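Protein sequence lines correspond, in order, to chains A and B.
FYI, in the numbering used here the residues of the first sequence are 866 to 1403.
FYI, in the numbering used here the residues of the second sequence are 9 to 389.
All residues carry an ideal CB built from backbone N, CA and C; glycine is no exception.
Given the structure is predicted, the values throughout are model-derived calculations rather than measurements.
A short write-up of the structure that comes next.
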Amino acid sequence: MIGACLICLSACEPSEPITEGPPPDVRRLTEDQYRNIISDVFGASIVVGGRFDTPVRTEGLQAVGARNATVTAAALSQYDEMARSISRQVMSGPSRQFMAPCAATGQVEFDEHCTTQLVTKIGRLLFRRPMTDREISDRVGVVRETTQRLNDFSEGLSTGLASLLVSPQFLFVADVVEDDPNESNALRLNAFSKATRLSFFLWNRSPDKRLLEAAESGELHSEDSLESHVERMMASPLLKAGVRAFFTDLLEFSEFDFLEKDSLIYPAFGAGAVRDAQEQTLRTITDHVITKNRDYRDLFTTRDTFMTSTLGMVYRVQVKARPGTWEPYQFASDDPRIGIQGHLSFLALNSHPGRSSPTLRGKAIRNMLLCQQVPDPPPDVDFSGFNDPNSPSKTARERLTAHSTSAACAGCHRITDPIGLALEKFDGAGQFRQTENDALIDTSGDLDGIAYTDSAGLGLALHDNPATTKCLINRLYAYGSGNNLSSRNEWMAYLEDRFSADGYRIMSLMKRISASKTFYAVSAPDMSGQTIETAAVQ
Amino acid sequence: MTPRTLKTVLLLAPLLTLTTPSNDAYAEPQTLGFVVTKWNTAMHETRFMDECPEGPTPGNWEIWESTVTPEERRSYPEALITQVRHVNYRGPNGEDICAEPTSVVDPPLKIVEGKYSYGIDLDNNEDGQATPKTCTHKNFAGLNGENGIDNQMYRLMGCVEAWRSYGHIESNANSHRVSSGLGMILMEVTGVDDLLNDDSVKVIFYRGVGSFTLDSKGEVLPFASYEIDHENGEPRYNDMVSGKIVDGVLKTVAADVHIPHYGNYQYLRQLIQDMQVDMELPTESGKTSGMVYGYYGVEQFYSYVRGMLTSFPNRHKFSCPPIYVAAHELADGHPDPESGECTTLSSAFKFNAVRAFINHPEPEKLASTSDSSGALAINRR
């Protein structure tokens, strides 16, 4: 009876609406993706030095901005340096085993057979697809020529490997399309592009051997096969890396590279705290959404987290873990700190170097968590009153009230400040305080009509706000596909409905997205006489 | 409510919320931890050193120089190290004069003759006459005009420049402690029902193991967690005293307390007899300072002086024999029952501390480790 009901429930689930996909696109590898691939292909001991181009953030995500990212001349030079450094390390260190069957050292003569085998093997992993004959012969030619000029086969192999690492086929992820045999006049992603999209979405790295094999055999185009690979990949420990990469992007943790805090004002917030603060939030998230598979919305009300001795000083809590190690931690039920928006990572990142900022915090919550774009301030804003050290206004609320009397400012401040002011009992480094300039801090405010008196109330308001879950769906889909859902209302409504039915479990949402047709759907591009890949290379 | 009390209430307001989860009248008593970051002999130093009318006491090298003629001096080898050996081993039979301070008769130590000092009236006796528990001594006046202040440690060392605030001995000790984590003093105040006024709290002194957590300027950060040095779950230092909080100031009753000490390459399990602590509870910054009063053993103090590197008396301008002699002469507490000679010096120490969390050994971890893992063997002295 129960079984029958379950079958019925499953069968009664609304089916995925058919939606048209966006045109195929090309995206630059992110720094993390580049590093993950190098580590997977050549081993974790390879050091990737050098600086990557500053990522472009579009619609709240670098993953979407990667569509617009180019490689500047300076960045190309860096890629070249990195490629040479990596190939030198591969040829000289323990990673040389990856150069089999050309692993013998001291060989002078060029060996075409092993070079071809090697280029084919490594190229498939780096390009995320089998290389074409032309691509193989070009690389083999590079190895041959270098070997003959330098009279050193190792140097030849090293140069050949470096040439693979700077090739656009490696540095860019291109959507390659083919005719859809199941639908006339329609296109679909080819199996390798499909595998790549899936793998970067769930693991933030290239497809593994099994996924590439499934793509090679064409098996990945079958729904069952796709679903079984999604199941397998979601059960893998590598899923954590994928979830971490998504939230790192969503919460704009790349900005930590530029974070500055006044060490005189916040002596406890040093480099260790900066590092651990990010890790704390990512650990909390992965523990919450993967290990415990809890409701995504509870991330804004949870008191469970992890702590190090370094963070303990800033949070002012007792930590038993030895320095450099982590321990689970739960904030007390009456502690004002609640949810990931109460973590140092959020509070410190969205503050000024020497003081908190209700406006920046409110704006960050609107932008990152509710997908509501708050425009930047106009260039001619007069901050003198706000920054006046002799101002009679003691608290940020008083200063903002005075500042927001200007009509030009009031519009935006009205939607940011009531959110950020709820977090005002956390200073610019995220440390708790009761007062500012000896005046008690008022943390009352409202979020889209829900009034609260403190940070816990803000957490509940975020938890219950419909925009919170909508935003996550939008961002998650955009992160994986490089496109937003704005023009696909039917699909969005379907995902919202299913997300709710699944108890707002991110694991279920990721599974639905990655096993869906829409996630891989493409429409005909404006080719202007070129193939997509040619366009990408150019 | 006095103006001071009102100010204390306002300043402690943030701390109250940090440590007291609710306003429930039956809330659990709180525990406050502290780690001592600086420890100095309390010296009242006037601008022109008026308290030392004869000037600063001469160092070992100066005393030695005064005993040899220029011709004799020229006869010594040129190497400084050889000369230093002559200076330190200048007993009649080549004795090390720090190890055997009575082997020579040096000029007497120049001692403090000033009127004022830090400290308290430890013996409840304003005239300084001998009592069953004290020997005759001169009292100081307090800096706020109090009478009967006992501080023979200051009288003894106040004219030794190396011990004064600009000298190297105590600043070396403080920086060595902070950089090494050795001799870390942890202080735990338990049973705190009210941070402003509580007539009954307990204060326990432990030794910490591990490193101090420092900011970018090398200052000890508040609110770090520290481990207690223990063996088989029993803290190696564990002296507990009673106290109370008055207007936000912690005051303990007199009791004998062992406190760890490290400095100038020496470890001491120092005993301060009839010790009293006076410390303002910190505000939101987590930083505070206080005073420790009590009697410090003469032999304990001299063993610290004697144990310093052989170059110290010359480099830092002090001489062991005059200190040894004067310490015994000035001792004013705890008369030896047989000889009647006093064995301790009334003392006052200034200290700085920051709020800290004190981790006690966990029973489940003791099964696998019998003592504070990570503690240096040398740190267990």
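Output yes if chain B places a C-beta closer than 9 Å to the C-beta of residue i; else output no.
{"i": "A:Arg-1231", "result": "no"}
{"i": "A:Pro-920", "result": "no"}
{"i": "A:Thr-1308", "result": "no"}
{"i": "A:Ser-1320", "result": "no"}
{"i": "A:Ser-1174", "result": "yes"}
{"i": "A:Val-1184", "result": "yes"}
{"i": "A:Ala-1133", "result": "yes"}
{"i": "A:Thr-1300", "result": "yes"}
{"i": "A:Arg-1202", "result": "no"}
{"i": "A:Arg-1181", "result": "yes"}
{"i": "A:Ser-1216", "result": "no"}
Can you say whether residue i is buried or exposed, counting buried as having 16 or more other CB atoms within 10 angstroms of its CB?
{"i": "A:Lys-1157", "result": "exposed"}
{"i": "A:Lys-1074", "result": "exposed"}
{"i": "B:Ser-30", "result": "Unreliable positioning characterises B:Ser-30 in this predicted model, as indicated by a pLDDT of 38, which lies under 50. The coordinate reading is nonetheless provided below. Exposed: under 16 other Cβ atoms inside 10 Å."}
{"i": "A:Pro-1244", "result": "exposed"}
{"i": "B:Leu-8", "result": "Shown here, chain B extends from 9 to 389; a query on residue 8 of chain B therefore has no answer."}
{"i": "A:Gln-1195", "result": "exposed"}
{"i": "A:Lys-1290", "result": "buried"}
{"i": "B:Ala-364", "result": "buried"}
{"i": "A:Asp-1303", "result": "exposed"}
{"i": "A:Phe-1112", "result": "buried"}
{"i": "A:His-978", "result": "exposed"}
Given residue i, which residues of its chain have a CB within under 6 Å of its CB, disregarding the five upstream and five downstream residues?
{"i": "A:Glu-881", "result": "Ser-1381"}
{"i": "A:Arg-994", "result": "Phe-1057"}
{"i": "A:Leu-1235", "result": "Ala-1332 and Cys-1336"}
{"i": "B:Pro-115", "result": "none"}
{"i": "B:Arg-388", "result": "Reliability fails at B:Arg-388, whose pLDDT of 41 lies under 50, so the model's placement of it is uncertain and no value is given."}
{"i": "A:Thr-1175", "result": "Gly-1137, Ala-1138 and Asp-1141"}
{"i": "B:Leu-229", "result": "Thr-221 and Asp-223"}
{"i": "A:Glu-1355", "result": "Pro-882"}
{"i": "B:Pro-11", "result": "Only weak support exists for where B:Pro-11 lies, its pLDDT of 46 falling under 50; the value from the coordinates is given anyway. For B:Pro-11, where only same-chain residues beyond five positions count, there are no Cβ hits under 6 Å."}
{"i": "A:Pro-879", "result": "none"}
{"i": "A:Ala-928", "result": "Asp-1114 and Tyr-1344"}
Leaving out five residues before and five after residue i in sequence, what residues of the same chain have Cβ atoms less than 7 Å from its Cβ?
{"i": "A:Ser-1023", "result": "Ser-952, Arg-953 and Met-956"}
{"i": "B:Ala-170", "result": "His-176, Ile-177, His-324, Lys-325 and Phe-326"}
{"i": "B:Trp-69", "result": "Val-95 and Asn-322"}
{"i": "B:Ala-391", "result": "As shown, chain B starts at 9 and ends at 389. That puts residue 391 of chain B outside it, with no answer to give."}
{"i": "A:Thr-1166", "result": "Ile-1203, Gly-1204, Gly-1324, Leu-1325 and His-1328"}
Hey, is residue i's beta-carbon within less than 9 Å of any beta-carbon in chain A?
{"i": "B:Pro-230", "result": "yes"}
{"i": "B:Glu-292", "result": "yes"}
{"i": "B:Thr-45", "result": "no"}
{"i": "B:Ser-233", "result": "yes"}
{"i": "B:Lys-225", "result": "yes"}
{"i": "B:Ser-311", "result": "no"}
{"i": "B:Gly-216", "result": "no"}
{"i": "B:Arg-12", "result": "Unreliable positioning characterises B:Arg-12 in this predicted model, as indicated by a pLDDT of 46, which lies under 50. The coordinate reading is nonetheless provided below. Answer no: the Cβ-Cβ gap between B:Arg-12 and chain A never drops below 9 Å."}
{"i": "B:Phe-42", "result": "no"}
{"i": "B:Asn-360", "result": "no"}
Return helix, strand or coil for residue i, following the three-state DSSP convention.
{"i": "A:Ala-948", "result": "helix"}
{"i": "A:Thr-1173", "result": "coil"}
{"i": "B:Leu-332", "result": "Note that residue 332 of chain B is Tyr in the sequence shown here, rather than Leu. In this structure, B:Tyr-332 counts as helix in the three-state DSSP scheme."}
{"i": "A:Thr-1190", "result": "coil"}
{"i": "B:Arg-277", "result": "strand"}
{"i": "B:Cys-350", "result": "strand"}
{"i": "A:Thr-1224", "result": "helix"}
{"i": "A:Arg-932", "result": "coil"}
{"i": "A:Gln-972", "result": "coil"}
{"i": "B:Glu-242", "result": "strand"}
Which residues in the same chain as residue i place their Cβ atom closer than 8 Å to its Cβ, once the five residues preceding and following it in sequence are excluded?
{"i": "A:Pro-1390", "result": "Pro-888, Pro-889, Val-1042 and Ile-1397"}
{"i": "A:Arg-1148", "result": "Thr-1170, Phe-1171 and Trp-1191"}
{"i": "B:Asn-101", "result": "Ser-111"}
Ends of the alpha helix (DSSP H) at residue i?
{"i": "A:Ile-1280", "result": "1272–1285"}
{"i": "A:Pro-1033", "result": "1033–1036"}
{"i": "B:Asp-207", "result": "Taken as a continuous stretch (DSSP letters only), B:Asp-207 belongs to no alpha helix (DSSP H), being part of the beta strand (DSSP E) at 206–217."}
{"i": "A:Arg-893", "result": "Where A:Arg-893 is concerned, there is no enclosing alpha helix (DSSP H), although the beta strand (DSSP E) it sits in stretches over 891–893."}
In terms of residue numbering, what span does the beta strand (DSSP E) encompassing residue i cover?
{"i": "B:Lys-46", "result": "38–49"}
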